[in-house]
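These notes are about the structure you will find just below.
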Amino acid sequence: MRILVLADIHSNWAALQAVAEAAQPFDACLFLGDLVDYGTDPVPCISWVKRWATVAIRGNHDHAVAQRVVPRGNSGLRRLAAATRPLHWEGIDPARTKYLARLPISRQTVVDGKAFHLVHATPRDPLDEYLLDDLEGWRARLQKIEADFVCVGHTHVQFDLAVDDIRVINPGSVGQPRDGDPRAAYAIVTDGQVSLERVEYDIDAALTQMRTAGVEDWVVAFSEQLLRSGGKMTREEMDDLMPPE
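Heads up: the sequence shown begins at 26 in the working numbering, then just goes up one per residue.
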């Protein structure tokens, strides 16, 4: 059985289309949260996950958009969220907003005879804790988890980590990788074996869609640098692309 694992689409329909095509055929799809924010094409992304995900959970950005949380802070990514979130509130219809709001924070499910525990960040803090491939950090957070696989997102960085008898998988980000590789990231689990995958997508198409959506020029310029660099931007580079406050 071929299981597609996705996270952190962030309204990047061009990237999701490329992953959906490259991953075919798949028998099940597990989505780990953050359908929305940062990008500007949420509707087809929500529709695709609603149709194809066997199990889907909520990310911190899904929660924020559905609950109309106003972004705070002046960091580059927070200002990007502040610039794009109002477009989500205007463009996502009530049914899709309700879908985001009703996504569970975590799920335990069995697929192909294996137990999967799905959470966007960590079991200790399902929406917000940021943890990379830290063996002891994950060991401490998995004490009460009974599963063959724990699947997480949030960091936008791929990893596959063996923690005693549990495999922790982060498929990376479909729509906004941050590991220096601009290709859309995902994972495939086949007969218990994990493969971390990447696929090129049309970044120009994503940027053109942003311009069509009517965001300010700095949002497109910032997003272009972020997407083409695979998220590798210094604070100074981010600040240089920010408009005056």
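Every residue gets a Cβ at the ideal spot worked out from N, C-alpha and C, and that includes glycine. What you are looking at is a predicted structure, and each value in this text was computed from that prediction instead of being measured.
Straight-line spacing of the CA atoms in residue 87 and residue 156 works out to 19 Å. Residue pairing for residue 218: DSSP places it in a beta bridge opposite 215. Inter-residue distance for residue 267 and residue 99 is about 9 Å (C-alpha atoms, whole angstroms). In the DSSP annotation of this structure, residue 185 is not part of any alpha helix (DSSP H); the continuous beta strand (DSSP E) holding it starts and ends at 184-188.
Residue 56 is bridged by DSSP to 31, 81. Between residue 224 and residue 212 the beta-carbon gap is near 12 Å, outside 8 Å, which marks them as no contact. Counted as a single uninterrupted DSSP element, the stretch harbouring residue 191 is not any alpha helix (DSSP H) but the beta strand (DSSP E) occupying residues 191-195. Apart from sequence neighbours up to five positions away, the residues of its chain that approach residue 38 with a beta-carbon distance below 6 Å are 66, 69, 70, ordered along the chain.
Residues of the same chain with a CB within less than 7 Å of the CB of residue 165, apart from the 5 flanking positions on each side, do not exist. Per DSSP, residue 179 is not a residue of any beta strand (DSSP E), being assigned neither H nor E. Within the model, the alpha-carbon separation for residue 243 versus residue 134 is close to 42 Å.
Here residue 138 is exposed, its C-beta having fewer than 16 other C-beta atoms within 10 Å. Residue burial annotation: residue 36 is buried, with at least 16 other C-beta atoms found within 10 angstroms of its C-beta. Rounded to whole angstroms, residue 47 and residue 269 show a C-alpha spacing of 41 Å.
Only residues of its own chain outside the window of five on either side were considered, and among them 39 have a CB closer than 6 Å to the CB of residue 227, listed in chain order. Looking at the DSSP output, residue 223 sits in a beta bridge with 210. Looking at the backbone, the Cα of residue 170 and that of residue 142 are separated by about 8 Å. The continuous beta strand (DSSP E) containing residue 131 extends over residues 131-136.
The beta-carbon distance between residue 32 and residue 136, rounded to whole angstroms, is 16 Å. This is too long to meet the 8 Å contact definition.
Close CB contacts of residue 184 within its chain, under the 6 Å cut and outside five residues either way in sequence, are with 158, 195 (chain order). Of the residues 222, 121, 251, the one whose Cα lies closest to the Cα of residue 76 is 121. The beta carbon of residue 206 sits closer than 7 Å to the beta carbons of 223, 255 from its chain, once the five residues preceding and following it are set aside; these are given in chain order. DSSP places residue 139 in no alpha helix (DSSP H) but in the uninterrupted beta strand (DSSP E) bounded by 139-144. Of the candidates 29, 101, 79, the residue whose Cα lies closest to the Cα of residue 245 is 101. Annotated three-state conformation of residue 170 is coil, per DSSP. Sequence-distant Cβ neighbours of residue 129 in its own chain, meaning closer than 8 Å and more than five residues away, are 82, 83.
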